[in-house]
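Numbering (the working numbering), first residue to last: 959 to 1256.
The structure is reproduced here in structure tokens:
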């Protein structure tokens, strides 16, 4: 039954419009070509993936110390590979997305940006990162961004693709693209509007201003504030454990699928998908164990 539930949820998730698997073959071929191009683009840094089978919590960490964890071309390709590994991970329940050395991400690496400063290559970069963040959001895992230092430009866009955002007390988040004469390119503008509403998103993006943790929490852009004397990743682990206390992997995946359907699908289709997600876990191992323990009334 556990294998059946995993298979069903994976099948349902793959049908989402936001999943790269739903793209026509020529689009997938184009993405493969783009990944190859950007893996050879000049730039430093790496994307690290750690998985803990015992806790079911993984960490994606951006590391590009000299450039405040800006995302280079090779990091964009590595990001794809990390998400691909998480798609295959059978013991995962959550993924924490963070930057190394107390700084989330400052957007695109200027070395890479200067090498692709034309509309054709800009579009190709946008397609790759849009696919990365859509695939991250479509994972049957709860995703939590740990925003310490700053999340600006593309860094802010990455944070909006996560299910939750935890901000350090002194952290700042800003869609500063307009200061550079560009607009959001990785899907973050649309996600920001969905999170805080079109009017507030428009104000934030046109002004290019940076929000502190208090204001982000008030707007619903942040879900909690990390105390200054606490390690951000450790705080995120504890936060996730409190959130997912009862959740088996299959059930978490089903709940995420239902919510993603509500976000992106017409209501009638989302309701039908909810029936399928519910059926995929009904009578499964976690359900049977809960019935035997009478958990509902505890």
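A virtual CB, placed ideally from N, CA and C, is assigned to each residue, including glycine.
Please read these numbers as outputs of a predicted model, since none were measured by experiment.
Pairwise C-alpha distance: residue j and residue i
{"i": "residue 1119", "j": "residue 1224", "result": "20 Å"}
{"i": "residue 1164", "j": "residue 1136", "result": "7 Å"}
{"i": "residue 1023", "j": "residue 1056", "result": "13 Å"}
{"i": "residue 1084", "j": "residue 1144", "result": "6 Å"}
{"i": "residue 984", "j": "residue 1096", "result": "21 Å"}
{"i": "residue 1077", "j": "residue 1160", "result": "23 Å"}
{"i": "residue 987", "j": "residue 993", "result": "10 Å"}
{"i": "residue 1195", "j": "residue 1171", "result": "19 Å"}
{"i": "residue 1068", "j": "residue 990", "result": "23 Å"}
{"i": "residue 1182", "j": "residue 1127", "result": "10 Å"}
{"i": "residue 1247", "j": "residue 1230", "result": "27 Å"}
{"i": "residue 1049", "j": "residue 1222", "result": "27 Å"}
Residues sharing a beta bridge with residue i, DSSP
{"i": "residue 1056", "result": "1019"}
{"i": "residue 1122", "result": "1102"}
{"i": "residue 1005", "result": "1020"}
{"i": "residue 1168", "result": "1132"}
{"i": "residue 1109", "result": "1063, 1131"}
{"i": "residue 1010", "result": "1015"}
{"i": "residue 1029", "result": "1066"}
Identity of the residue in the options nearest residue i by Cα
{"i": "residue 1006", "options": "1026, 1041, 1000", "result": "1041"}
{"i": "residue 1190", "options": "995, 1138, 1059", "result": "1059"}
{"i": "residue 1020", "options": "1013, 1035, 1245", "result": "1035"}
{"i": "residue 1098", "options": "1148, 1218, 1247", "result": "1218"}
{"i": "residue 1111", "options": "1129, 1065, 1105", "result": "1065"}
{"i": "residue 1001", "options": "988, 1038, 1043, 1072", "result": "1072"}
{"i": "residue 1062", "options": "1130, 1252, 993", "result": "1130"}
{"i": "residue 1200", "options": "1051, 1044, 990", "result": "1051"}
{"i": "residue 1173", "options": "1141, 1194, 1132", "result": "1132"}
{"i": "residue 1258", "options": "1079, 1250, 1105", "result": "No answer is possible for residue 1258: the residues shown for the chain start at 959 and end at 1256."}
{"i": "residue 1122", "options": "1251, 1202, 1013", "result": "1202"}
Buried or exposed by the 16-neighbour rule on C-beta atoms within 10 Å, applied to residue i
{"i": "residue 1010", "result": "exposed"}
{"i": "residue 1236", "result": "exposed"}
{"i": "residue 971", "result": "Only weak support exists for where residue 971 lies, its pLDDT of 49 falling under 50; the coordinates are left without a value."}
Residue i beta carbon near the ligand SAM (any heavy atom closer than 7 Å)
{"i": "residue 1051", "result": "Of ligands this structure carries none, so the ligand SAM is not represented either."}
Scan the segment 1159-1216 and note each continuous alpha helix (DSSP H) run of 4 residues or more that stays entirely inside, going in chain order. Counting whole runs of 4 or more residues, the segment 1159-1216 contains the alpha helix (DSSP H) stretches 1171-1177, 1190-1201.
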